[in-house]
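In the working numbering, the protein residues as written are 3 to 303. Down below is the structure, laid out as structure tokens.
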Amino acid sequence: MRKIILSISIIITLFSCKNTQKDNSKLNVVTTTTMITDLVKNIGGDHINLQGLMGSGVDPHLYKASEGDVSKLANADIIFYNGLHLEGKLVEVFEKMKNKKAIAIADALDKSTLIGSEYFASNYDPHIWFNIEYWKQATQFVVKNLTDAIPEQKESFKTNGSNYIKQLDVLRNKLETVIETLPSEKRILVTAHDAFNYFGKAFNFEVVGLQGLSTATEAGVQDVQNLSAFIIEHQVKAIFVESSVPKRTIEALQAAVRSKDHDVTIGGTLYSDALGDAGTIEGTYIGMFEYNVNTIVNALK
Ligand code: ZN
3 MRKIILSISI
13 IITLFSCKNT
23 QKDNSKLNVV
33 TTTTMITDLV
43 KNIGGDHINL
53 QGLMGSGVDP
63 HLYKASEGDV
73 SKLANADIIF
83 YNGLHLEGKL
93 VEVFEKMKNK
103 KAIAIADALD
113 KSTLIGSEYF
123 ASNYDPHIWF
133 NIEYWKQATQ
143 FVVKNLTDAI
153 PEQKESFKTN
163 GSNYIKQLDV
173 LRNKLETVIE
183 TLPSEKRILV
193 TAHDAFNYFG
203 KAFNFEVVGL
213 QGLSTATEAG
223 VQDVQNLSAF
233 IIEHQVKAIF
243 VESSVPKRTI
253 EALQAAVRSK
263 DHDVTIGGTL
273 YSDALGDAGT
283 IEGTYIGMFE
293 YNVNTIVNAL
303 K
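Here it is in structure tokens:
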């Protein structure tokens, strides 16, 4: 008898453990990049089961779905992804699903306002999160889609969305104040790949990426030579590594500049296509943006 009671209590414990991890009454939402995961978390809060596929330091251009990801995607009620072919290797997976549950954040934006690009099959630069005004539109888009899925949480999503938009406005003002301290001739941002074009357009920086828009194409010797000449000509003080891209290309660029008797420092590691570690300040969109801008401005001053 004692044994039976013990087994029953073990079974109950197992079940209750399972329930604390995943609440089956909630909507299963799957997101791709860490930027989108952070956004959806801010709006959905405790009303959804949220699973992000990519972690910090993960390059979305090269990311392939694992077997576990495929089952997460299959079990999802809604999937939020960036779109514009950012997740180059997942496009087919989303297309295969051929149902309405996969939602591209880029659909929140008017295509005529995007930066064009011949590198991507979408014909647009997909790094849209670096324009804070676009991210505000993305916020409203997530509010709308979550509300369509869970109408009874309408007020909660609406409140979360407007609170988050207020935080994004505060962020933008803060960043503008920091960037104003950098003279316009020093606003040249050289990074491993062209993730910062929207940032450059919004904050008046000239942006040059060594690798082009996608990390799927490697920089050639000629690219390194051309860019090192540009750095010397414009007296660029610092160039930047990215957390989701191997740093060897930027180190090769630094070596090329030094071989011509000039110096350029590596100004730090920027978060481009992935946020920092979960649980840190840089693991949020707002923290990432502040960190990037402080790093850029301090190194180029
Ligand atoms: Zn990128």
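Think of the CB as a built atom: it goes at the ideal place given N, C-alpha and C, for glycine as much as any other residue.
Whole angstroms is fine: what's the gap from residue i's alpha carbon to residue j's?
| i | j | result |
| --- | --- | --- |
| residue 246 | residue 59 | 4 Å |
| residue 157 | residue 27 | 19 Å |
| residue 180 | residue 99 | 44 Å |
| residue 33 | residue 56 | 8 Å |
| residue 136 | residue 170 | 11 Å |
| residue 159 | residue 49 | 9 Å |
| residue 91 | residue 269 | 31 Å |
| residue 199 | residue 108 | 16 Å |
| residue 148 | residue 217 | 32 Å |
| residue 122 | residue 86 | 8 Å |
| residue 224 | residue 201 | 26 Å |
Quick one: is residue i near chain B, going by C-beta distance under 9 Å?
| i | result |
| --- | --- |
| residue 60 | Absent here is chain B; the protein component of the structure consists of one chain. |
Could you tell me whether any non-hydrogen atom of the ligand ZN is closer than 8 Å to the CB of residue i?
| i | result |
| --- | --- |
| residue 297 | no |
| residue 217 | yes |
| residue 274 | yes |
| residue 88 | yes |
| residue 62 | yes |
| residue 221 | no |
| residue 129 | yes |
| residue 197 | yes |
Following the continuous beta strand (DSSP E) through residue i, name the residue where it begins and the one where it ends.
| i | result |
| --- | --- |
| residue 104 | 104-106 |
| residue 83 | 80-83 |
| residue 143 | Per DSSP, residue 143 belongs to no beta strand (DSSP E); it is in the alpha helix (DSSP H), 134-151. |
| residue 243 | 240-244 |
| residue 181 | Note, residue 181: premise wrong, no beta strand (DSSP E); alpha helix (DSSP H) at 156-181. |
Any idea if residue i is buried or exposed, counting beta-carbon neighbours within 10 angstroms, 16 or more meaning buried?
| i | result |
| --- | --- |
| residue 175 | exposed |
| residue 163 | buried |
| residue 275 | buried |
| residue 319 | In the structure as shown, the chain starts at 3 and stops at 303, and residue 319 therefore has no counterpart that could be examined. |
| residue 77 | exposed |
| residue 244 | buried |
| residue 256 | buried |
| residue 251 | buried |
Would you list the residues sitting across from residue i in a DSSP beta bridge?
| i | result |
| --- | --- |
| residue 210 | 192 |
| residue 30 | 51 |
Output the boundary residues of the alpha helix (DSSP H) element that contains residue i.
| i | result |
| --- | --- |
| residue 234 | 223-235 |
| residue 251 | 250-260 |
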